[in-house]
Amino acid sequence: MEELSERIEYAQEIYVELLKRGHNLLAEKVQGIIEDLQEDLENEWYIGQYGIWGWLGLSEKSFM
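Quick note: to get the working numbering, add 1181 to the position in the sequence shown (first position is 1).
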């Protein structure tokens, strides 16, 4: 999870720099990447807390 957090932080720095330089279209692309990374981070946390079965909204027993 730490690696994802670092990637998000780095992407946010790039996003701000692109906006400062007036590269709005590229900044929008980077914003999309940030959102994807944040979603991955949330999913990774959820799986760590509840396991893959909980993340899928399933019970492990339903497959046993």
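Just so you know, even glycine gets a beta-carbon here, dropped at the ideal spot from N, CA and C. This one's a predicted model, so the numbers in the text were calculated from it and none came from an experiment.
As assigned by DSSP and simplified to three states, the class of Gly1229: helix
Val1197 burial status per 10 Å Cβ neighbour count (16 or more: buried): Val1197 is exposed by the Cβ-count criterion.
Own chain residues within Cβ distance below 8 Å of Ala1248, not counting five before or after: Nothing in the structure corresponds to residue 1248, since the chain is present only between 1182 and 1245.
Arg1188, enclosing alpha helix (DSSP H) - first and last residue: Glu1183 to Lys1201
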